[in-house]
Amino acid sequence: MTGRPPPEGAPPLLVACALGIERFALRGGGRDAAGARVTLRTGMGPGAAERAMERALAPGAATAHSPVIASGFCAGLAPGMRPGDVVVAERTRDHRPDAADVICHGGPLAEALRSRGLTVHTGLLQGSDHVVRGAERAALHAAGAVAVDMESAATLGAARRTGERPVAAVRVVVDAPEHELLRLATLRGGISAFRVLRSVLPVFFEWHRSLLLPWR
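Numbering of the sequence shown is given in our numbering, commencing with residue 39 and proceeding in unit increments.
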């Protein structure tokens, strides 16, 4: 995608992920026009994600007022999902029962990703504090979730606690009910998911530019 650079003084886009391989994918795939993007590796798990976001969004930080995208890999919950499918959250839900859902600004992202020929699923992205498998995966799907990961809900929850800002979660399915990571056959699926994750950055940049219209 092309477009004008963000105006001087506008907040950079903050893209948060947990793993080194996710950060590697999200640091490639091209640049936005002004390089106004920070890729933050939070570490694995909801606690690490919350702590990293609190530091990144603290008053005085370069990303204190940034829009936030939680990204990386996830586990698909619905039958028929495949590695390389994309999940764009309509809302995220923390694993703690007293936490409120975070509503996401993912509609334009889903539309743009579909226009690139990707298979996109939308709905509830469930948070967890552990790797989800088997019967627990089926139970989360029955409760309404389309995918699960350990950091997105914590990332966006921490972002919202610091004040109103656009937030989104875009995850790439790396395993699914019929394609679990425990099987050697999923190695190819993991490569596919990495390539898709690497390809989504131009859509993130365009989303960011669309948010910066008030600064122009």
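By construction, the Cβ of each residue, glycine as well, lies at the ideal position given by its N, Cα and C atoms.
Note that the coordinates shown come from a computational prediction; the quantities given were computed from them, not determined experimentally.
Q. What separation, rounded to the nearest whole angstrom, lies between the Cα atoms of I107 and H143?
A. 10 Å
Q: Could you check the C-alpha separation between G182 and A100 for me, to the nearest Å?
A: 37 Å
**Q.** Element boundaries [beta strand (DSSP E), containing R209]
**A.** 205-213
Q: Can you give me the Cβ contacts of V158 inside the same chain, cut-off strictly under 8 Å, excluding the 5 residues immediately before and after it?
A: D123, V124, V125, V126, A148, L151, R152
Q) Where does G110 fall in DSSP's three states? A) strand
Q: Could you check if D136 is buried or exposed, using at least 16 other CB atoms within 10 Å of its CB as the buried criterion?
A: exposed
(Q) I'd like to know whether the C-beta atoms of A185 and L194 end up nearer to each other than 8 Å. (A) no
Q: Measure the C-alpha to C-alpha separation of A87 and G81 and round it to an integer number of angstroms.
A: 6 Å
Q | Where E128 falls: helix, strand or coil (DSSP) | A | strand
Q | Selection from S104, H246, S230, S109 that minimises the alpha carbon distance to G165 | A | S109
**Q.** Pairwise C-alpha distance: A176 and A192
**A.** 22 Å
(Q) By the three-class DSSP mapping on this structure, what secondary structure does L249 have? (A) helix
Q: For the alpha helix (DSSP H) holding G85, just list the boundary residues, first then last.
A: 84-94
Q. Counting Cβ pairs, one atom from each stretch, are 3 or more of them under 8 Å apart for the stretch 230-239 and the stretch 198-213?
A. yes
Q: Could you check if D167 is buried or exposed, using at least 16 other CB atoms within 10 Å of its CB as the buried criterion?
A: exposed
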